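Chains as they are written, first to last, in the numbering used here: chain A, 1 to 293; chain S, 294 to 430. Where a beta carbon is used, it is the ideal one built from N, C-alpha and C, also for glycine. These numbers come from a predicted model, not from an experiment.
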């Protein structure tokens with residue numbers, strides 16, 4: 001049976017832990033709100049851009065752009081792995097990396113955004129091309145830098161496709177790792193559609209309207225496409241961040257709840273032991289008195 | 294026949310403007326364009342500059358950054374990285390942004406990407422200043 005002093009010490013230590021996890025929960029909660037708002041705010045923009053791109057590609061059918069070119073035999077793929085820098089966010093990275101582990105090891109090169117992903121790639125001896133970081137509040141320039149690596153590999157011909165593996169934000173308690181094809185652009189799908197819980201995204205169809213272009217379709221298209229890639233990745237970064245903070249918030253909330261439960265149990269046990277020792281002491285005193293009397 | 298057209302200006306951060314208007318003047322790639330309701334469907338690139346909106350007989354000015362515009366008979370959608378209503382523009386901030394962008398352009402060893410980003414920032418700041426100062430003179 002543990003002594004009362006041991007139990008008291010444990011309660012104190014768990015209280016400290018609970019305090020820390022509680023603080024982390026608060027921080028994550030406020031960051032989560034901001035990240036979720038940012039992910040939501042990007043949706044109208046992404047939707048409009050998807051629609052525009054659908055219109056342009058429908059009109060400019062005879063126009064060839066390197067980013068649209070669908071190479072028939074895909075030998076090598078580049079995977080942009082969007083993970084977190086820090087841990088303590090529940091099963092987020094575990095789930096993400098489990099999916100990453102299932103990808104073809106020989107024919108994929110990794111571009112990692114976030115340290116956890118890069119560590120995984122190093123540990124499992126996969127091919128790492130670049131390790132990049134992105135800010136806690138993702139900047140558009142972060143997305144541009146990351147996208148550039150993918151686009152360069154693709155246009156050089158080193159890889160025949162570029163995919164992104166990231167954690168899609170569905171709700172505060174639900175995030176799902178997802179693999180999206182970034183290049184070549186075959187289906188114009190929006191990440192944004194998934195924020196509301198629509199897992200499939202949606203393929204956008206042109207409205208069938210005849211559009212005029214100024215100056216002409218190829219020029220509009222060739223400046224819209226790179227922007228589309230960059231923005232797509234930016235939205236993915238926003239989603240990942242929203243997922244990270246949500247997941248961390250939930251993990252820390254669970255940790256705090258568990259710690260409080262343990263404190264409750266231990267306090268009960270502590271009181272029981274204390275009472276037992278008082279009772280036995282009383283018993284000893286009364287028996288001693290009766291023996292004397 | 295509708296005599297108003299819906300104007301929507303969207304940036305990555307928010308929907309800045311969404312109103313029924315009677316005329317829009319916007320800076321297209323090949324010069325300024327005036328757009329009235331029932332315009333033929335048109336898609337164009339938008340340069341950084343000012344957008345002049347006529348709504349209920351009143352003129353409104355907005356500063357926008359580089360972007361794209363999709364014009365339909367009943368709707369104009371503008372996609373841009375920056376948009377600000379005249380009243381929301383902070384002149385001092387815009388000037389600061391312009392200076393920062395110009396300084397960045399002076400630096401050496403810039404990649405193409407950085408130059409493009411800095412130029413876009415400078416153009417956006419310039420557009421804001423232009424809108425702000427126009428009303429004063």
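Q) With respect to the beta strand (DSSP E) encompassing residue 171/A, which residues constitute its N-terminal and C-terminal limits? A) Position 171 of the first chain, counted from the start, is the residue given in the question as residue 171/A. From DSSP, the beta strand (DSSP E) with residue 171/A extends over 161-171.
Q: Alpha carbon to alpha carbon, how far is residue 417/S from residue 310/S? Give it in angstroms, no decimals.
A: On the second chain, position 17 is the one that residue 310/S refers to. On the second chain, position 124 is the one that residue 417/S refers to. Taking the straight line from one Cα to the other gives about 17 Å.
(Q) Excluding the 5 residues flanking residue 29/A on each side, which residues of the same chain have their C-beta closer than 6 Å to its C-beta? (A) Position 29 of the first chain, counting from 1, holds the residue named residue 29/A. Around residue 29/A: 249.
Q. Are three or more beta carbon pairs between the segment 71-86 of chain A and the segment 222-242 of chain A nearer than 8 Å?
A. Below 8 Å, enough C-beta pairs join the segment 71-86 of chain A and the segment 222-242 of chain A to call them touching: three or more.
Q) How long is the line joining the alpha carbons of residue 406/S and residue 24/A, rounded to whole angstroms? A) For the purposes of this step, residue 406/S is identified with residue 113 of the second chain, where counting begins at 1. For the purposes of this step, residue 24/A is identified with residue 24 of the first chain, where counting begins at 1. Taking the straight line from one Cα to the other gives about 37 Å.
(Q) Using a Cβ-Cβ cutoff of 9 Å, what residues of the segment 44-55 of chain A are near chain S? List them in chain order. (A) Cβ contacts with chain S come from 44, 45, 46, 47, 48, 49, 51, 52, 55.
Q) Does DSSP classify residue 113/A as helix, strand or coil? A) For the purposes of this step, residue 113/A is identified with residue 113 of the first chain, where counting begins at 1. It is a strand residue.
Q) Do residue 165/A and residue 100/A have their CB atoms nearer than 7 Å? A) For this step, residue 165/A is matched to residue 165 along the first chain. For this step, residue 100/A is matched to residue 100 along the first chain. Yes; because the gap between Cβ atoms is below 7 Å, this pair is in contact.
Q: Specify the secondary structure class of residue 331/S as computed by DSSP and reduced to three states.
A: One-based indexing of the second chain puts residue 331/S at position 38. Coil.
Q) Which stretch, first to last residue, makes up the alpha helix (DSSP H) that contains residue 380/S? A) Taking the first residue of the second chain as position 1, residue 380/S is located at position 87. Counting along the chain, residue 380/S falls outside any alpha helix (DSSP H), and DSSP gives it neither H nor E.
Q | Within chain A, partners of residue 321/S - CB distance below 7 Å | A | Position 28 of the second chain, counted from the first residue, corresponds to residue 321/S. Under the 7 Å cutoff, chain A gives 214.
Q. Whole-angstrom Cβ separation of residue 162/A and residue 132/A, contact assumed at under 8 Å?
A. Taking the first chain and counting its residues from 1, the one referred to as residue 162/A is at position 162. Taking the first chain and counting its residues from 1, the one referred to as residue 132/A is at position 132. The Cβ separation is near 14 Å, so there is no contact.
**Q.** Members of the segment 337-349 of chain S near chain A, C-beta cut-off 8 Å
**A.** 337, 338
Q) So, is the C-beta of residue 150/A closer than 7 Å to a C-beta in chain S? A) The count along the first chain starts at 1 and reaches residue 150/A at position 150. No - not a single Cβ of chain S is within 7 Å of the one on residue 150/A.
Q. Comparing the C-beta of residue 395/S with each C-beta of chain A, is any distance below 7 Å?
A. Position 102 of the second chain, counted from the start, is the residue given in the question as residue 395/S. So no, residue 395/S is outside the interface.
(Q) Please classify residue 333/S as buried or exposed, where buried requires at least 16 neighbouring CB atoms within 10 angstroms. (A) As a working mapping, residue 333/S is identified with position 40 in the second chain. So residue 333/S ends up on the exposed side.
**Q.** Below-7 Å beta-carbon distance, residue 367/S vs any chain A residue
**A.** On the second chain, position 74 is the one that residue 367/S refers to. For residue 367/S, the answer is no, since every Cβ of chain A falls outside 7 Å of its Cβ.
(Q) So, with DSSP's three-state summary, where would you put residue 348/S? (A) Working through the second chain from its first residue, we reach residue 348/S at position 55. In the structure shown, residue 348/S adopts extended strand secondary structure according to DSSP, grouped into three states.
Q. For the alpha helix (DSSP H) that residue 264/A lies in, which residues bound it at each end?
A. Against the first chain, residue 264/A aligns to sequence position 264. It spans 217-292 - the alpha helix (DSSP H) in which residue 264/A sits, taken as one unbroken run.
Q: Ignore the nearest five residues each way along the sequence and tell me which others in residue 423/S's own chain have a CB closer than 8 Å to its CB.
A: For the purposes of this step, residue 423/S is identified with residue 130 of the second chain, where counting begins at 1. 342, 343, 356, listed in sequence order.
(Q) I'd like the list of long-range same chain contacts for residue 142/A, defined as Cβ closer than 7 Å, with 5 residues on each side in sequence excluded. (A) To locate residue 142/A, count along the first chain from 1; it is residue 142. Same-chain partners within the cutoff: 134, 135, 237.
Q. Since residue 176/A is in the beta strand (DSSP E), which residue starts that stretch and which ends it?
A. Counted from its first residue, the first chain places residue 176/A at position 176. Where residue 176/A is concerned, the enclosing beta strand (DSSP E) stretches over 174-183.
Q.
Do residue 52/A and residue 363/S count as a contact pair if the criterion is CB distance below 7 Å?
A. Locating residue 363/S in the second chain gives position 70, where the first residue counts as 1. Locating residue 52/A in the first chain gives position 52, where the first residue counts as 1. Going by C-beta atoms, residue 363/S is nearer than 7 Å to residue 52/A.
Q: Kindly give me the distance between the Cβ atoms of residue 128/A and residue 225/A, rounded to whole angstroms, as I take these residues to be in contact under 8 Å.
A: Within the first chain, the letter at position 128 stands for residue 128/A. Within the first chain, the letter at position 225 stands for residue 225/A. Contact doesn't hold; Cβ gap of about 27 Å is too wide.
Q: Would you mind telling me which residues of chain S sit closer than 7 Å to residue 162/A, beta carbon to beta carbon, in chain order?
A: Counted from its first residue, the first chain places residue 162/A at position 162. In chain order: nothing, as chain S lies at least about 18 Å away.
Q. Counting only beta-carbon atoms, is residue 309/S nearer than 7 Å to chain A?
A. Counting from 1 along the second chain, the entry for residue 309/S is found at position 16. Cβ-Cβ to chain A under 7 Å: no for residue 309/S.
Q | Residue environment, residue 426/S, which counts as buried when at least 16 other CB atoms sit within 10 Å | A | On the second chain, residue 426/S is found 133 positions in, with the first residue counted as 1. Classification of residue 426/S: exposed, given that the 10 Å Cβ count is below 16.
Q) What distance in whole Å lies between the Cβ atoms of residue 78/A and residue 150/A, which are believed to be in contact at a cut-off of 8 Å? A) Counting from one through the first chain, the residue named residue 150/A turns up at place 150. Counting from one through the first chain, the residue named residue 78/A turns up at place 78. With 8 Å as the limit, residue 150/A and residue 78/A qualify as a contact, their Cβ atoms being about 6 Å apart.
Q) What residues from chain S crowd round residue 41/A, counting only those whose CB sits closer than 7 Å? A) Residue numbering aside, residue 41/A sits at position 41 when the first chain is read from its first letter. Those are 306, 307, listed as they occur along chain S.
(Q) Could you compute how far the alpha carbon of residue 412/S sits from the alpha carbon of residue 40/A? (A) Start at 1 with the first residue of the second chain, and residue 412/S comes out as number 119. Start at 1 with the first residue of the first chain, and residue 40/A comes out as number 40. So the two alpha carbons sit approximately 28 Å from each other.
Q: Go through its chain and collect everything with a Cβ distance to residue 92/A's Cβ below 7 Å, but skip five positions before and after it.
A: In the first chain, the residue the question calls residue 92/A occupies position 92. Only 84, 167, 175, 243, 244, 247 meet the Cβ criterion.
Q | Three-state class that DSSP yields for residue 424/S in the structure shown | A | Working through the second chain from its first residue, we reach residue 424/S at position 131. Residue 424/S: helix per DSSP, three-state reduction.
Q) Can you find a CB in chain A that lies within less than 7 Å of the CB of residue 412/S? A) By 1-based counting over the second chain, the position of residue 412/S is 119. Not one chain A Cβ lies under 7 Å of residue 412/S.
Q: Report the residue from 279/A, 38/A, 76/A, 240/A whose alpha carbon sits nearest the alpha carbon of residue 156/A.
A: Your numbering for residue 156/A matches position 156 in the first chain. Ranking the options by Cα distance to residue 156/A, first place goes to 76/A.
Q: Return the residues of the segment 16-28 of chain A that lie within a Cβ-Cβ distance of less than 9 Å from chain S, sorted by chain order.
A: none
Q: For the alpha helix (DSSP H) holding residue 156/A, just list the boundary residues, first then last.
A: Against the first chain, residue 156/A aligns to sequence position 156. Residue 156/A -> alpha helix (DSSP H) spans 140-156.
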